[in-house]
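Enquirer:
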Amino acid sequence: MSQPFARYLHPFDVAHHPALEPEVKRAILASWASDRHAVENQPAMRQPPELKGPVCVDDVFAALRSLDGPDSQPTLQ
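When we follow this note's numbering, the leftmost residue of the sequence shown carries the number 5, and every step to the right adds one.
Shown next, in the form of structure tokens:
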């Protein structure tokens, strides 16, 4: 991917970007969720090189889920 990601400050910046295709958004966010970007001694945080600061992995997962729309949320039974 040759997209300059430094402009994204948060996972939802990627999820809400109007010019990115959904599969590109998923690829970016999945990369950010990867354990290779885990912050040492802070397993719930990710520090992708494209971002200026760490983000919570829960925010990355929430942004990924938002791409599926509100009707795709799992139901508890």
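For glycine and all other residues, C-beta sits at the position ideal for the given N, C-alpha and C.
Given a cut-off of 7 Å on the beta-carbon distance, is the pair Ala-31 and Val-61 in contact?
Expert: Counting from 1 along the sequence shown, the entry for residue 31 is found at position 27. Counting from 1 along the sequence shown, the entry for residue 61 is found at position 57. No. Outside cutoff.
Enquirer: Just to confirm, is the Cβ distance from Gln-51 to Val-64 under 7 Å?
Expert: Start at 1 with the first residue of the sequence shown, and residue 51 comes out as number 47. Start at 1 with the first residue of the sequence shown, and residue 64 comes out as number 60. Contact: no.
Enquirer: DSSP three-state label for Pro-26, please.
Expert: By one-based count along the sequence shown, residue 26 stands at place 22. Note: Pro-26 maps to helix in three-state DSSP.
Enquirer: Nearest CA to the CA of Ala-48: which residue from Lys-56, Glu-54 and Asp-39?
Expert: Here the question's residue 48 lines up with position 44 in the sequence shown. That would be Asp-39, whose Cα lies nearest to the Cα of Ala-48.
Enquirer: Round the Cβ separation of Val-18 and Ala-66 to the nearest angstrom and send it over; I've been treating them as touching at under 8 Å.
Expert: Counted from its first residue, the sequence shown places residue 18 at position 14. Counted from its first residue, the sequence shown places residue 66 at position 62. About 12 Å separates the two Cβ atoms, so there is no contact after all.
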